[in-house]
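Under the working numbering, the sequence shown has 123 at position 119, and the numbering climbs by one with no breaks.
The C-beta atom is built at its ideal place from N, Cα and C for all residues, glycine as well.
Note that the structure is predicted; figures quoted are calculated from it, not measured.
Structure record follows, encoded as C-alpha cells.
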Amino acid sequence: MRRLAILSPYVEDVSETLRQRLRSAGVETPQFGSFNEENETAVAHISANSVLAAATVLFQRGGCDAIFISCTNLQTLDIITEIEKQCSCPVWSSNLVLGWHMLKKAGLKARSPEAGTLLHDVGL
5 MRRLAILSPY VEDVSETLRQ RLRSAGVETP QFGSFNEENE TAVAHISANS VLAAATVLFQ
65 RGGCDAIFIS CTNLQTLDII TEIEKQCSCP VWSSNLVLGW HMLKKAGLKA RSPEAGTLLH
125 DVGL
C-alpha cells in the first residue's frame with residue numbers, strides 16, 4: 005500500500021510531521037483528515053462513531069489504497085472491521101500496527117479477525 009488516507013486527532017504541525025515522514029518513506033497521503041485536537045486528554049473522548057464516520061468519508065474522497073488512523077488514544081479496535089467493510093480496504097490504527105509488530109518481533113502466531121485484516125491471519 006503506497007497511498008494512504010490518514011486520519012489524525014492532532015493539530016496541523018504534528019499532523020504535517022507525520023505526512024512528511026510517510027512521504028520520505030515513499031508513502032503518499034492523498035487524503036488527510038484531522039480532528040485538530042490540541043488537548044491530548046480530549047483525544048480519548050473522541051467517540052468511536054466519530055472516528056468511523058470521519059475515516060469512511062475520508063476514504064470515499066478517493067485515491068487511496070488503505071486507511072491509517074493515527075494515535076494510540078483514539079478508540080479504534082471495535083470499529084476497524086466496520087470501516088473495512090464500508091470502504092472495502094485495509095484499515096490500520098496505531099495500536100493495531102503496534103500489536104502486529106510486537107507479535108512479529110516475538111515470533112508468535114495470532115488470529116484475530118475481529119481486529120481487521122491485519123490480524124486476520126498472522127502466520128509468522
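Kindly indicate the opening and closing residues of the alpha helix (DSSP H) around residue i.
| i | result |
| --- | --- |
| A57 | 52 to 64 |
| V47 | 44 to 47 |
Just checking my contact of residue i with residue j at CB under 8 Å: how many whole Å lie between their CB atoms?
| i | j | result |
| --- | --- | --- |
| E44 | N77 | 7 Å |
| I50 | L11 | At roughly 10 Å, the Cβ-Cβ gap does not stay under 8 Å, so I50 and L11 are not in contact. |
| I71 | V95 | 5 Å |
| A114 | I83 | Contact flag wrong, Cβ pair sits at about 20 Å. |
| Q35 | R65 | 5 Å |
| A58 | G37 | 6 Å |
| G120 | T85 | 5 Å |
The beta strand (DSSP E) with residue i in it runs from where to where?
| i | result |
| --- | --- |
| V95 | 95 to 97 |
Given a threshold of 16 other Cβ atoms within 10 Å of its Cβ, counted over all protein chains shown, does residue i qualify as buried or as exposed?
| i | result |
| --- | --- |
| T60 | buried |
| T80 | buried |
| E41 | buried |
| E88 | buried |
| S28 | exposed |
| G142 | Because the chain is modelled from 5 through 128, residue 142 falls outside the range shown and cannot be assessed. |
| A9 | buried |
| L102 | exposed |
Consult DSSP for residue i and reduce its assignment to one of helix, strand or coil.
| i | result |
| --- | --- |
| L84 | For the record, residue 84 in the displayed sequence is Ile; it is not Leu. Looking at I84 - three-state DSSP - the assignment turns out to be helix. |
| A70 | strand |
| S92 | coil |
| V18 | helix |
| Q24 | helix |
| T121 | helix |
| G30 | coil |
| L100 | helix |
| L107 | helix |
Per DSSP, what are the beta-bridge partners of residue i in this structure?
| i | result |
| --- | --- |
| Q35 | A9 |
Using a Cβ-Cβ distance cut-off of 8 Å, determine whether residue i contacts chain D.
| i | result |
| --- | --- |
| A52 | Here there is only one protein chain, and chain D is not present. |
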